[in-house]
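All remarks here apply to the structure that follows.
Residue numbers (the UniProt record's numbering): 1 to 101.
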């Protein structure tokens with residue numbers, strides 16, 4: 001239901017949701033390792049018809065490193081024309097010379 005007279009809603013072939021994670025010591029993986037694995041899946045499986053929602057990527061590492069990796073991820077997603085929402089506390093991300101076009 002859309003509470004409007006009309007709407008154009010794009011069709012997506014995939015939906016990706018990435019939320020906060022914790023360490024998985026039983027698997028020998030840090031929170032950042034788990035985040036990186038999830039982002040690898042997103043990059044492998046996404047297309048211009050994917051809707052991605054990523055919350056706090058890079059929280060499992062230092063803010064400088066997290067911002068750098070998050071910036072690279074955003075550039076890769078932009079090249080693929082993936083649509084979505086990317087929520088972050090990494091303010092350093094906004095100082096990076098990213099190519100998002």
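Ideal Cβ placement from N, Cα and C applies to all residues, glycine included. All values derive from a computational prediction rather than experimental measurement.
Out of the options, which one is the CA nearest neighbour of residue i?
i, options, result
"residue 60", "31, 46, 80", "31"
"residue 98", "89, 83, 84, 77", "77"
Applying the 10 Å Cβ sphere with the 16-neighbour rule, what's the burial state of residue i?
i, result
"residue 70", "buried"
"residue 62", "exposed"
"residue 15", "exposed"
"residue 46", "buried"
Using DSSP with H/G/I as helix, E/B as strand and the rest coil, what is residue i?
i, result
"residue 28", "coil"
"residue 138", "This structure leaves residue 138 out entirely; the chain is present only between 1 and 101."
"residue 42", "helix"
"residue 60", "coil"
Give every residue of the same chain whose Cβ lies closer than 6 Å to the Cβ of residue i, excluding the five residues on either side of it in the sequence, and list them in chain order.
i, result
"residue 54", "18, 86"
Please work out which residues of its chain come closer than 8 Å, Cβ to Cβ, to residue i, disregarding the five sequence neighbours upstream and downstream, and give them in chain order.
i, result
"residue 64", "92"
Check the C-beta distance from residue i over to residue j and give it rounded, since I have them as a contact under 8 Å.
i, j, result
"residue 50", "residue 13", "7 Å"
For residue i, which residues of its own chain have a beta-carbon under 7 Å away from its beta-carbon, when the five flanking residues on both sides are left out?
i, result
"residue 75", "98, 99, 100"
"residue 22", "31"
"residue 25", "none"
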